[in-house]
Every structure is written in C-alpha cells, then in structure tokens.
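Residues -10 to 210 in this note's numbering are what the sequence shown spells out, letter by letter.
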Amino acid sequence: MADLINRIAEWIEAIVLAIGYPGVFLVMLIENVFPPVPTDPLLPFVGILVADGKMNYFLAWLMAVSGALVGSLMLYAVGAWANEPIVRGVIRRYGQYIGVQETALDRVLAGFNKYGAGMIFFGRAIPVLRSAISITAGVSRMNLPKFLFFSGLNSLLVTGFWLTVGVALGENWRVVLDWIERFELPIIIILVIGGGIWAIRWWVKRRRMAGVEGETPHITR
-10 MADLINRIAE WIEAIVLAIG YPGVFLVMLI ENVFPPVPTD PLLPFVGILV ADGKMNYFLA
50 WLMAVSGALV GSLMLYAVGA WANEPIVRGV IRRYGQYIGV QETALDRVLA GFNKYGAGMI
110 FFGRAIPVLR SAISITAGVS RMNLPKFLFF SGLNSLLVTG FWLTVGVALG ENWRVVLDWI
170 ERFELPIIII LVIGGGIWAI RWWVKRRRMA GVEGETPHIT R
C-alpha cells in the first residue's frame, strides 16, 4: 500500500509542478469523481510549495475546494439526470472500477432518509461514501444550494487541514504518509464534527433572527 501511495504521490506532484494551480483543481476533481485516486499526498505536497513561496496558500485552497465542489456537482448532476434503478444498474456494472459499491449506495440512502443535509456534511468525510453521497443527493433531488453549502463547508475544513499539515511539516510530509493512512478518518471526523457544531449554531442563530424579524409588529399610521 505504501508503494502505491508513493507512486500516486509522484504522479500528483508531476501534475501540480507541470500546470500549477489548475493541477490542484484537476486532481481534486478527479478524486471526487473517481474515489480510488486518494488526494492525501496532494495537499501536504502543495503545502510544501506554499511554505517555499512557490504557491499562495489561499489560492491553492480555493483551487482545491473548487475542484472538490465541481466533482461533487458532476456526480449530483448524474444522479439528478438518472433515477435510482439506473444508478443501481450502473454501479452494479461499473462500480468496482470507480470505487463505488451498491452497499455504499444503500447506506447513503438510509442515512439520507434519516439525517438529510447532515449526511452530506459528515458523510463526505468518508472516502468510500463521498461519491455515493453526491449521486444520492442528485437522485433525491436535494436542494442544490443546500447541497453545495454543506459540501463546500466540508471541503473547506478538510482541504484546509491537509494544506496546513504540509506547510507545518515541510519535507517531512512523506514520513507521515503511513500515519495519514492510519488516522485520517478519526482526524477528519473530529474536524468535521467541530465544523458541524459551528454550522448548526450558525443555522440556529440565523433561524432565530429570522423568527424575531418575522414577529416584529408593523406600526400603521
């Protein structure tokens, strides 16, 4: 597994070094559409380039988030265009090649029915479910602005974290590839939970303010 990750890391490095910011966008897009391509090596490497002054942190962050969102939107469009039987048929036939299994779709559908938007925010932290979640959101015709909001918030947190890891670790980032593999999911879950608490508090505060404004009496003359 370590050899495979190192090869992918070299391929990712070559793309970013060759075309810069568009390379960050492209790799993140591919990872969201094609889950077997992990982007864990990408963002720490980009962080090194930021630390060396070869890239701007916020521009690289923007490209990473944009690539993730466009990839998610592509899968959302596929789900919205198709229906559940068609999606299941495609997954049964080609799922093994794109890293999406029918069991993952079943879990996402069950979670969608129970948790709705929260499934988008928290579920996208799990690489195996990420693509299935975007497709399911399209199949269920989830409100597009809501889908983009929660997907974008998740991407902001996750990509920002790994970029910062690269800036902080510098050339030592390769040493922690095994550590990333082992602890990626718990770290991302903690990060996403923290962001989720903030998002919920923001949403509740907004609803309360809207309620207060709606209750404000109008004085007629």
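Virtual Cβ for every residue (Gly too), placed ideally from N, Cα, C.
Excluding residues up to 5 positions away in sequence, nothing lies with its Cβ nearer than 6 Å to the Cβ of Asn72 in the same chain. Looking at Val35, Val13, Leu6, the one whose alpha-carbon comes closest to that of Ala157 is Val35. The continuous stretches of alpha helix (DSSP H) do not include Met131, and DSSP gives it neither H nor E. Separation of the CB atoms of Ala99 and Lys135 is rounded to 19 Å, and the pair is thereby denied contact status at 8 Å.
For the 7 Å CB-CB criterion, Leu48 and Gly141 do not form a contact. Between the alpha carbons of Leu152 and Pro33 lies a gap of roughly 5 Å.
For Asn45, the three-state secondary structure derived from DSSP is coil.
Less than 7 Å divides the Cβ of Asn143 from the Cβ of Phe110. No Cβ-Cβ contact shorter than 7 Å links Gly149 with Ala40. Arg113 sits in coil when the DSSP states are folded into three classes, being neither helix nor strand.
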